[in-house]
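So, in structure tokens, the structure goes:
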């Protein structure tokens with residue numbers, strides 16, 4: 001149980017284009033989903049927290065207009081990187097907390113974004 | 001503010017040897033503590049968690065961790081390491097509620113020699 005998927009697993013795009021990453025909780029309803037960014041050989045940096053049906057809460061220093069987050073249902077959240085640039089290249093990981101309130105985050109497998 | 005320190009960036013152990021990965025945390029209230037493992041290019045898998053109760057927590061893959069409030073530590077242990085345990089290990093601290101943020105340590109890379 002508690003499986004989280006992400007799609008795509010890898011994406012390469014040209015500078016200036018937008019990329020959408022999907023995060024789905026497959027076997028549970030996720031009240032809250034989190035988006036992280038991980039640079040090579042570094043830890044996870046929380047970008048934003050999203051609750052179903054409401055606006056995401058962004059961490060300090062994260063541009064909300066560049067990283068658009070939508071959490072339209074209890075099983076799906078999307079992260080759109082708008083007008084991507086090479087410095088946005090990174091590993092993006094989502095996680096989800098179950099509605100049951102166990103306070104445990106279950107992580108997706110991550111998406112490797114490369115912006116050329 | 002909450003924080004997590006993993007003092008060891010890289011650890012190498014021989015297969016079959018015991019393992020202890022250190023984690024120290026700073027948190028203003030009773031912490032929720034987690035250990036996750038990440039294989040290269042993959043997401044994070046939960047090894048174990050501590051919310052309350054018995055301070056010795058058993059997890060998957062033969063791992064255990066002990067919560068020591070007096071030392072603000074939550075060290076991860078395994079009595080006999082397998083080559084497949086080679087990965088990056090992250091300790092994390094959070095609070096109550098499903099919307100609680102997790103703060104991660106910088107990770108410890110475990111290498112296992114045969």
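Chains as they are written, first to last, in the working numbering: chain A, 1 to 116; chain B, 1 to 114.
All C-beta atoms in this analysis are idealised placements derived from N, C-alpha and C, irrespective of residue type, glycine included.
These figures come from a predicted structure and were not determined experimentally.
- Query: residue 49 of chain B versus chain A: which residues are under 7 Å apart at the beta carbon?
  - Reply: 104
- Have a look at residue 61 of chain B and residue 111 of chain A and give me their C-alpha separation to the nearest angstrom. 26 Å
- Chain-ordered chain A contacts of residue 42 of chain B [CB-CB under 7 Å]: 109 and 110
- Task: Give the straight-line distance between the Cα atoms of residue 88 of chain B and residue 112 of chain B, rounded to the nearest whole angstrom.
- Result: 12 Å
- Query: When the distance is taken between beta carbons, is residue 97 of chain A closer than 8 Å to residue 30 of chain A?
  - Reply: yes
- Residues within the region 31-49 of chain A neighbouring chain D, beta-carbon criterion of under 9 Å: Of the protein chains in this structure, namely A and B, none is chain D.
- Item | Expected contact under 8 Å - CB spacing of residue 22 of chain A and residue 68 of chain A to nearest Å | Incorrect: roughly 13 Å between the Cβ atoms, too far for contact.
- Item | Short CB-CB distance (under 8 Å) between residue 107 of chain B and chain A | yes
- Integer Cβ distance of residue 10 of chain B from residue 109 of chain B, believed to fall under 8 Å: 5 Å
- Give, in chain order, every unbroken run of the beta strand (DSSP E) that is at least 3 residues long and sits entirely within the region 17-80 of chain B. 19-21, 24-26, 32-38, 44-50, 56-58, 64-68 and 73-78
- When the Cα atoms are used, what is the spatial distance from residue 108 of chain A to residue 91 of chain A? 11 Å
- What number of angstroms, rounded off, separates the C-alpha of residue 105 of chain A from the C-alpha of residue 44 of chain B? 10 Å
- Buried or exposed (CB count within 10 angstroms, at least 16 for buried), residue 79 of chain A: buried
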